[in-house]
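Some notes on the structure that comes next.
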Amino acid sequence: MASDRTKHLKRLRRLHRSARGWSVRAGLLTGATAILVPYSGLGLPDAFWAAGAGGSIAIAVWRWIDFRAFRALPVPPEPDPALAGSVAREKLVGLVQRLPAGRNAIAEFDRQRESFKLRGLSVAEPWRRLDRAATMLSGLIGRLGPAAEAAVLDATVAERQLRDLAQRCASVERTMRLGPAGDALRPAHQALAEQLEQGVTAYEQFVTAAASCVAEDSAAVGNLTDATAFLRGVAEGLADLRTPQGTPRPQTA
């Protein structure tokens, strides 16, 4: 998508070409009129030549006025590369999402990009497991029925919190690699990693129970209820990690 500055400069060049073009036409027609009228006398064809010359001169004058007026306008500044890239990406994403299966393709691309950022970190494996479980759950949601909507909502909230926890754990681990000063962060990193492992395990158990429900296992409903309660408890624990000390957390019904 062209920027405002690019559009402004293109229009300025277009006006300049138009003004020069009409100036050339006016000069040719005026010269032809000046030669032909004295040569053959003033007749009906010569009137057309004269009219064409006069009209071309008028249009050329208007074009030059338009060009000079537009040239006097301030040229838009160069767009910020980061902002321009973000806008271009949003437009591309919007275009792709309108295509068949485009939304799934964008989601898969985002997952792969996030996985690449975590490559080499200890959270890479829990993140991969969470991705796999979330993909499996997305294929089961349409078959679970309306009775499982609340459980799926809890799973969605837990997934979002687990991804946030993984990003925080990754940030701490990257800081630990800066030097000896990062050793003080090891206990915090260990606690975050344990929370992440527990949460991902609970999420996987929930997905397994959901798959059992789809398979119409006799014990599936009870397992899904237990897995949902466990997952909800993990999500509440993750929310407590983000709540400042002394701030009451809203109670859930």
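Mapping the sequence shown onto my numbering, position 151 (from 1) lands on 151, and the numbers just tick up by one. All residues carry an ideal CB built from backbone N, CA and C; glycine is no exception. Predicted, not measured: the structure shown is a model, and the values here were computed from it.
Around the beta carbon of E173, 16 or more other beta carbons sit within 10 angstroms, so the residue counts as buried. In summary, P180 is exposed, with fewer than 16 beta-carbon neighbours lying within 10 Å of its beta-carbon over all protein chains present. Put simply, of W127, A148, P76 and V61 the residue whose alpha carbon is nearest the alpha carbon of V24 is V61. The stretch 138-150 makes no contact with the stretch 188-199; the number of CB pairs closer than 8 Å stays below 3.
With a cutoff of 7 Å on beta-carbon distance, I65 and W22 are scored as not near each other. Assigned with DSSP and collapsed to three states, P77 falls in coil, not helix or strand. Counting along the chain, R186 sits inside the alpha helix (DSSP H) bounded by residues R186 to V214. Note that the stretch 1-17 does not touch the stretch 47-57; fewer than 3 beta-carbon pairs, one per stretch, sit closer than 8 Å. Unbroken beta strand (DSSP E) stretches of 3 residues or longer found wholly inside the stretch 108-180: none. Minimum Cα-Cα distance from R13 among the listed residues A34, Q167, R71 and L28 corresponds to R71.
Residue nearest to S138 within the set L185, V214 and L28 is V214 (criterion: CA-CA distance).
In this structure, M136 sits away from V75, with a CB-CB distance that is not shorter than 7 Å.
R128 and S115 have their C-alpha atoms some 7 Å from each other.
When the five nearest sequence neighbours on each side are left out, the beta carbons in the same chain lying within less than 6 Å of the beta carbon of V123 are those of A166, C169 and A170, in order along the chain. Of the residues assessed, A133 falls on the buried side of the cut-off, its CB having 16 or more other CB atoms within 10 angstroms. Shown here, A72 sits in coil according to DSSP, grouped into three states, outside any helix or strand. Nearest neighbour of Y203 by Cα position, chosen from F67, L130 and R119, turns out to be L130.
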